[in-house]
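Read the structure below first, then the notes.
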Amino acid sequence: GLNSPLPKSPALLDNIQSGEEGIWSVRSPKGKWLGPFSLEKILSLQFFTPRIWTKNIQEGIEATAGEFPQIRTGLRNLYQKKPVNPDKYNKCPRCRISLKDTFYEGVALKTCPSCKGKLVDSSVIDRIIARREVAFSDYLVKKAAKFRENFLQNPVSTRKI
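Per the UniProt record's numbering, the very first residue in the sequence shown carries number 1; after that it's consecutive.
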């Protein structure tokens with residue numbers, strides 16, 4: 001069932017540690033155990049504090065929330081306006097492969113090495129869209145055409161400047 005204990009296989013433990021599963025239970029202000037919750041969910045509870053009594057269901061450990069390193073890291077990430085669990089959010093929505101940081105038109109974005117997709121923060125997408133495409137002037141196009149024509153007629157001959 002849903003409340004049965006989870007097996008302690010290493011692969012499952014990795015998924016649980018990354019916040020994919022609801023392994024946290026917290027004691028409400030009225031003393032009732034609530035959960036299981038994911039890490040993101042317990043940190044968003046209205047009554048959550050680092051001093052709230054918390055249980056890691058998978059490991060069977062009870063302590064104040066601030067004593068769990070996963071919770072401290074999640075709180076630090078929240079404070080720094082980062083995702084609670086960055087590994088969970090740095091995946092390609094299509095391929096589920098880790099994204100790489102890069103820049104386009106001066107804007108930081110993430111690209112997928114597999115499908116070549118780009119993930120752009122919605123707050124900066126206007127900077128990419130608003131950027132005006134600049135074409136070469138007629139003068140430069142004609143100059144390049146003349147250079148190419150001269151070079152193709154006599155590629156060995158070079159003039160010293």
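Every residue, glycine too, gets a C-beta built ideally from N, C-alpha and C. These figures come from a predicted structure and were not determined experimentally.
Nearest to residue i (by Cα), restricted to the options the options
i: Cys112; options: Arg94, Val84 and Gln153; result: Arg94
i: Leu75; options: Leu45, Thr102 and Phe147; result: Leu45
i: Lys90; options: Lys110, Phe48, Lys81 and Ala135; result: Correcting the residue identity first, residue 90 is Asn in this sequence and not Lys. When each option's Cα is compared against that of Asn90, the closest is Lys110.
i: residue 229; options: Val107, Val134 and Leu39; result: Limits of the chain in this structure are 1 at one end and 161 at the other, which puts residue 229 out of reach.
i: Lys116; options: Cys92, Tyr139, Ala130 and Val124; result: Cys92
i: Glu40; options: Glu62, Asn77, Lys143 and Lys146; result: Asn77
Residue i - partner residues in DSSP beta bridges
i: Cys98; result: Cys is not the amino acid found at residue 98; the sequence shown has Ser there. Partner(s): Lys91.
i: Asn56; result: Trp24 and Ile61
i: Val120; result: Paired residue(s): none; Val120 is not in a bridge.
i: Thr111; result: Lys100 and Lys118
Pair within 8 Å by beta-carbon distance, residue i and residue j
i: Lys55; j: Ser25; result: yes
i: Ser38; j: Gly22; result: yes
i: Phe47; j: Pro29; result: yes
i: Ile128; j: Val134; result: no
i: Arg72; j: Ile52; result: no
Where residue i sits in the DSSP three-state scheme
i: Lys142; result: helix
i: Pro69; result: helix
i: Leu2; result: Low local confidence applies: a pLDDT of 41 at Leu2 is under 50, so the model's placement there is unreliable, with the coordinate-based value given in what follows. Coil.
i: Phe147; result: helix
Proximity test, Cβ basis, 8 Å: residue i and chain D
i: Asn77; result: Considering every chain present, this structure includes no chain D. It has just one protein chain.
Counting pairs of beta carbons, one from the stretch 67 to 84 and one from the stretch 102 to 109, are three or more of them closer than 8 Å? no
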